[in-house]
Amino acid sequence: MTKPYVFITRKIETEVLKEWTETFEVKMWEYEERPVPRAILLEEAAKADALLTMLSDKMDRELLDVAKNLKVIANLAVGYDNIDVPSATEKGITVCNTPDVLTDTTADLAFALLMATARRIVEAAEIVKEGKWTGWSPMLLAGHDIHHKTIGVVGMGKIGETVAKRATGFDMDILYHNRSRNVAAEERLGARYTSFEELITTSDFIVCLTPLTNETAGMFNKEAFMKMKQSAIFINVARGAVADEEALYEALVKGEIAGAGLDVFKQEPIGPDHPLLTLPNVVALPHIGSASVETRQGMIMLCLDNITHVLSGKQPKTIVKL
Ligand code: DGY
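Note that our numbering gives residue 94 to position 31 of the sequence shown, counting from 1, and the numbers run on in steps of one.
This is the structure we're talking about:
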């Protein structure tokens, strides 16, 4: 009997893969830093029973149409906006993601980015390393306080709630906006539900954690940035396309808002000549929300478990439902 064929779209390392080759035929794209070219992905998808994919792999209708044997896509991310889930579901292909295992790690990064942006940590570290520190001075790299300020979380799912939990340690007032009320967060953390309008006009820190959908694409637009306080700091750890980057740049240059901490961009990797990267009040990271060794191992294990489950006729642990 031939073994089911699993294609892994990026080089990953884990002990378990050795055992796996007894049950499955496994092939992996050899490079860690470089995504698999589209032509190879299409070729592999046409043969594979399972794909372990990255958020940078576009799993669209064209790909799903050639994937005649495909039973499961296990995406190494909680977000799945790279996958055409309705088409996959229509074709009987199970889509899995990696929720829960990355919640705390991603919330840690969101809060670290908020702090780094508010307290100008990156700028400060650079002047020391570049030998530009001429001595202590009263207002040298004075930033914004975080404690006792108002944080507004847009997208109060598990990660949003966990960011809000961290904010309680800084005695912050917590506002949130979400598709539906998160009563648990209200009761446990004292978070208050507001309209999007109220949140953006009254928060000192606006933290975007909403998934990218047709409804949320571009929701942080020119009007939204104009309504924010001039002292507001915008943090995006969700998906780049939720914000209009040109409008964000304008708002930062005109002083309509005070700063931005960005872990995600519309185009990833962002080009080194992107205007946002020229601004000192922007802290830019290379989409590392869930990037701790422990969490990435947990995400890989979850993807492998989901594939094993689906290929042996069992329910996967974390399925994406339409
Ligand atoms: C995800 O898993 O969707 C996050 O963007 C990872 O940082």
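Using N, Cα and C, we set each Cβ at its ideal position, and we do this for glycine too.
Can you tell me whether G142 sits near the ligand DGY, meaning its C-beta is under 7 angstroms from at least one heavy atom of the ligand? Taking the sequence shown and counting its residues from 1, one reaches residue 142 at position 79. For the ligand DGY, at least one heavy atom lies less than 7 angstroms from the Cβ of G142.
Just to check, is the beta-carbon of G352 closer than 7 angstroms to a non-hydrogen atom of the ligand DGY? Here the question's residue 352 lines up with position 289 in the sequence shown. Result yes, Cβ under 7 angstroms from the ligand DGY.
How long is the line joining the alpha carbons of D234 and N299, rounded to whole angstroms? For the purposes of this step, residue 234 is taken as the residue at position 171 of the sequence shown. For the purposes of this step, residue 299 is taken as the residue at position 236 of the sequence shown. Roughly 22 angstroms separates the two Cα atoms.
Hey, would you say I75 sits closer than 8 angstroms to I363, going by beta carbons? Taking the first residue of the sequence shown as 1, we reach residue 75 at position 12. Taking the first residue of the sequence shown as 1, we reach residue 363 at position 300. Closer than 8 angstroms, so yes.
Going straight from the alpha carbon of T168 to that of L127, what length do you get? Your numbering for residue 168 matches position 105 in the sequence shown. Your numbering for residue 127 matches position 64 in the sequence shown. So the two alpha carbons sit approximately 32 angstroms from each other.
Just the Cα atoms here: how many angstroms apart are P274 and M64? By one-based count along the sequence shown, residue 274 stands at place 211. By one-based count along the sequence shown, residue 64 stands at place 1. If I take the Cα positions, the gap works out to 41 angstroms.
Could you tell me if A188 is buried or exposed, where buried requires 16 or more neighbouring beta carbons within 10 angstroms of its beta carbon? Residue mapping note: residue 188 aligns to position 125 of the sequence shown, counting from 1. Burial call: exposed.
With C-beta atoms as the reference, is H207 less than 8 angstroms away from A347? Counting from one through the sequence shown, the residue named residue 207 turns up at place 144. Counting from one through the sequence shown, the residue named residue 347 turns up at place 284. Not in contact: H207 and A347 (Cβ atoms no closer than 8 angstroms).
According to DSSP, simplified to helix, strand and coil, what is R97? As a working mapping, residue 97 is identified with position 34 in the sequence shown. Secondary structure at R97: coil, using DSSP grouped into helix, strand and coil.
For the beta strand (DSSP E) containing D236, name the first residue and the last one. Here residue 236 corresponds to residue number 173 of the sequence shown, with the count starting at 1. Membership of D236 in the beta strand (DSSP E) is indicated by the continuous run 236-240.
Mind checking who F174 pairs with in its DSSP beta bridge? Indexing the sequence shown from 1 puts residue 174 at position 111. Beta-bridge partners assigned by DSSP to F174: none are found.
Check: R374 C-beta below 7 angstroms from any heavy atom of the ligand DGY: As a working mapping, residue 374 is identified with position 311 in the sequence shown. Checking the sequence, you will find Leu at residue 374 rather than Arg. Checking every heavy atom of the ligand DGY against the Cβ of L374, none is found closer than 7 angstroms.
Evaluate D267 with the Cβ neighbour count: other Cβ atoms within 10 Å of its Cβ, from every protein chain shown; 16 or more gives buried, anything less gives exposed. By one-based count along the sequence shown, residue 267 stands at place 204. Using a 10 angstroms sphere on the CB of D267, the tally of other CB atoms reaches 16 or more, which defines it as buried.
Spatial neighbours of A280 in its chain, beta-carbon cut-off 8 angstroms, leaving aside the 5 residues before and after: As a working mapping, residue 280 is identified with position 217 in the sequence shown. Once the five neighbours on either side are set aside, the close Cβ partners of A280 are A304, V305.
With a threshold of 7 angstroms (Cβ to nearest heavy atom), would L80 be considered close to the ligand DGY? For this step, residue 80 is matched to residue 17 along the sequence shown. Every heavy atom of the ligand DGY is 7 angstroms or more from the Cβ of L80, so no.
Give the range of the beta strand (DSSP E) segment to which M91 is assigned. Position 28 of the sequence shown, counted from the start, is the residue given in the question as residue 91. Run containing M91: 88-91, per the beta strand (DSSP E) assignment.
Taking the alpha carbon of T116 as the point to measure from, which residue in T152, E153, S150, T161 has its own alpha carbon closest? As a working mapping, residue 116 is identified with position 53 in the sequence shown. Of the candidates T152, E153, S150, T161, the one whose C-alpha sits nearest the C-alpha of T116 is T161.
Would you mind reading off the limits of the beta strand (DSSP E) that contains F268? Here the question's residue 268 lines up with position 205 in the sequence shown. Judged by DSSP secondary structure, F268 falls within the beta strand (DSSP E) whose first and last residues are 268-271.
Compare the beta carbon distance of L31 and A227 with 8 angstroms and say whether it is the shorter of the two. Past the boundaries of the shown model lies residue 31; the chain is included only from 64 to 385, so the question cannot be answered.
State the DSSP-derived secondary structure class of A113, mapped to helix, strand or coil. On the sequence shown, position 50 is the one that residue 113 refers to. Taken through DSSP and simplified to helix, strand or coil, A113 comes out as strand.
Ignore the nearest five residues each way along the sequence and tell me which others in A310's own chain have a CB closer than 7 angstroms to its CB. As a first step, residue 310 must be located in the sequence shown, where it is residue number 247. So the qualifying residues of the chain are N284, K285, F288.
Which one or two residues does DSSP pair with F233 in a beta bridge? Working through the sequence shown from its first residue, we reach residue 233 at position 170. Per DSSP, none; premise fails for F233.
Between L275 and the ligand DGY, is the CB less than 7 angstroms from at least one heavy atom? Residue numbering aside, residue 275 sits at position 212 when the sequence shown is read from its first letter. It does not: the Cβ of L275 is nowhere closer than 7 angstroms to a heavy atom of the ligand DGY.
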